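Below is one structure; the comments refer to it alone.
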Amino acid sequence: MGTKEFQCGGHESALLDCSSASERNTCSPGTAVSLTCSEPVRLVGGESRCAGDLEVEHQGEWRPVAVDNSPWTLKAAGVVCRELDCGSAVSVGQREESSKRSVWWIQI
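Residue numbering for the sequence shown follows the UniProt record's numbering, starting at 1 and increasing by one per position.
So, in C-alpha coordinates, the structure goes:
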(Lines of atoms letter the chains of each structure in order from A; the text may use other names.)
(Lines give C-alpha, C1' and ligand atoms only; values in the text may rest on other atoms or scores of the structure.)
Protein backbone atom coordinates (compact mmCIF):
# COMPACT_ATOMS: atom_id res chain seq x y z
CA MET A 1 0.00 0.00 0.00
CA GLY A 2 1.42 3.37 -0.97
CA THR A 3 0.77 6.69 0.70
CA LYS A 4 1.03 10.26 -0.48
CA GLU A 5 1.47 13.15 1.89
CA PHE A 6 -0.10 16.45 0.85
CA GLN A 7 1.04 19.79 2.24
CA CYS A 8 -1.95 22.14 2.05
CA GLY A 9 -2.04 25.75 3.18
CA GLY A 10 -5.85 25.93 3.32
CA HIS A 11 -6.37 28.25 0.33
CA GLU A 12 -6.30 25.52 -2.33
CA SER A 13 -9.50 24.69 -4.21
CA ALA A 14 -8.52 21.09 -4.98
CA LEU A 15 -6.34 18.48 -3.29
CA LEU A 16 -4.01 18.28 -6.28
CA ASP A 17 -3.28 22.01 -5.87
CA CYS A 18 -1.43 21.14 -2.63
CA SER A 19 2.29 20.43 -2.78
CA SER A 20 3.59 16.89 -2.39
CA ALA A 21 6.98 15.21 -2.20
CA SER A 22 5.66 12.43 -4.45
CA GLU A 23 5.23 12.79 -8.19
CA ARG A 24 2.70 9.94 -8.34
CA ASN A 25 -0.81 11.35 -8.70
CA THR A 26 -2.79 8.20 -9.44
CA CYS A 27 -4.14 5.35 -7.34
CA SER A 28 -4.17 1.68 -8.15
CA PRO A 29 -7.60 0.10 -8.75
CA GLY A 30 -9.22 -0.93 -5.49
CA THR A 31 -7.55 1.75 -3.36
CA ALA A 32 -9.53 4.29 -1.40
CA VAL A 33 -9.04 7.41 0.66
CA SER A 34 -10.47 7.92 4.12
CA LEU A 35 -10.67 11.27 5.85
CA THR A 36 -12.54 13.15 8.53
CA CYS A 37 -13.73 16.73 8.08
CA SER A 38 -14.64 19.18 10.80
CA GLU A 39 -17.67 20.88 9.24
CA PRO A 40 -20.19 21.94 11.91
CA VAL A 41 -23.11 21.30 9.52
CA ARG A 42 -24.12 18.26 7.48
CA LEU A 43 -26.96 16.89 5.38
CA VAL A 44 -28.12 13.36 6.24
CA GLY A 45 -30.55 10.86 4.77
CA GLY A 46 -30.47 12.20 1.21
CA GLU A 47 -29.45 10.60 -2.06
CA SER A 48 -26.07 12.38 -2.02
CA ARG A 49 -23.85 14.32 0.37
CA CYS A 50 -25.51 17.50 -0.95
CA ALA A 51 -29.10 16.48 -0.15
CA GLY A 52 -30.91 15.57 3.03
CA ASP A 53 -31.96 16.84 6.42
CA LEU A 54 -29.85 19.57 7.97
CA GLU A 55 -28.00 18.72 11.18
CA VAL A 56 -25.71 21.01 13.19
CA GLU A 57 -23.00 20.04 15.64
CA HIS A 58 -22.83 22.04 18.85
CA GLN A 59 -20.69 21.06 21.85
CA GLY A 60 -19.94 17.70 20.26
CA GLU A 61 -23.59 16.76 19.67
CA TRP A 62 -25.27 16.46 16.24
CA ARG A 63 -28.98 17.37 16.15
CA PRO A 64 -31.55 18.17 13.46
CA VAL A 65 -32.36 21.84 12.96
CA ALA A 66 -35.83 23.24 13.58
CA VAL A 67 -36.86 26.71 12.40
CA ASP A 68 -38.86 28.90 14.77
CA ASN A 69 -41.83 30.83 13.31
CA SER A 70 -40.57 31.36 9.78
CA PRO A 71 -40.11 29.26 6.65
CA TRP A 72 -36.66 28.02 5.67
CA THR A 73 -35.70 30.02 2.58
CA LEU A 74 -33.62 29.24 -0.49
CA LYS A 75 -31.34 32.07 0.60
CA ALA A 76 -30.68 30.43 3.98
CA ALA A 77 -30.31 27.01 2.35
CA GLY A 78 -27.83 28.52 -0.09
CA VAL A 79 -25.54 29.47 2.79
CA VAL A 80 -25.44 25.83 3.92
CA CYS A 81 -24.93 24.57 0.36
CA ARG A 82 -21.98 26.90 -0.17
CA GLU A 83 -20.45 25.94 3.19
CA LEU A 84 -20.62 22.27 2.19
CA ASP A 85 -19.25 23.04 -1.31
CA CYS A 86 -22.53 21.85 -2.85
CA GLY A 87 -23.23 24.76 -5.18
CA SER A 88 -26.46 26.73 -4.87
CA ALA A 89 -29.70 25.60 -3.24
CA VAL A 90 -32.28 24.33 -5.74
CA SER A 91 -35.08 23.29 -3.39
CA VAL A 92 -35.98 23.53 0.26
CA GLY A 93 -38.65 21.85 2.34
CA GLN A 94 -39.75 21.42 5.90
CA ARG A 95 -41.40 18.51 7.62
CA GLU A 96 -42.40 17.50 11.09
CA GLU A 97 -39.58 15.81 13.00
CA SER A 98 -41.01 12.39 13.79
CA SER A 99 -38.27 11.16 16.10
CA LYS A 100 -37.91 11.90 19.78
CA ARG A 101 -34.46 13.39 19.17
CA SER A 102 -33.69 16.81 20.54
CA VAL A 103 -33.38 19.56 17.94
CA TRP A 104 -31.46 22.82 17.68
CA TRP A 105 -33.92 25.73 17.32
CA ILE A 106 -32.81 28.61 15.12
CA GLN A 107 -34.35 31.86 13.89
CA ILE A 108 -33.73 33.01 10.33
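Even glycine gets a Cβ: it sits at the ideal position worked out from N, Cα and C. Given the structure is predicted, the values throughout are model-derived calculations rather than measurements.
Suppose the cutoff is 8 Å on Cβ atoms and the five residues either side in sequence are ignored; what does the same chain contact list for residue i look like?
i: GLY87; result: CYS50 and CYS81
i: VAL41; result: LEU54, GLU55, VAL56, GLU57, VAL80, GLU83 and LEU84
i: GLY46; result: GLY52 and ASP53
i: TRP62; result: ARG42, GLU55 and VAL56
Closest to residue i by C-alpha separation, out of the options, would be which residue?
i: VAL44; options: PRO64, GLY60 and GLN59; result: PRO64
Excluding the 5 residues flanking residue i on each side, which residues of the same chain have their C-beta closer than 6 Å to its C-beta?
i: VAL92; result: TRP72, LEU74 and ALA77
i: VAL90; result: none
i: SER48; result: none
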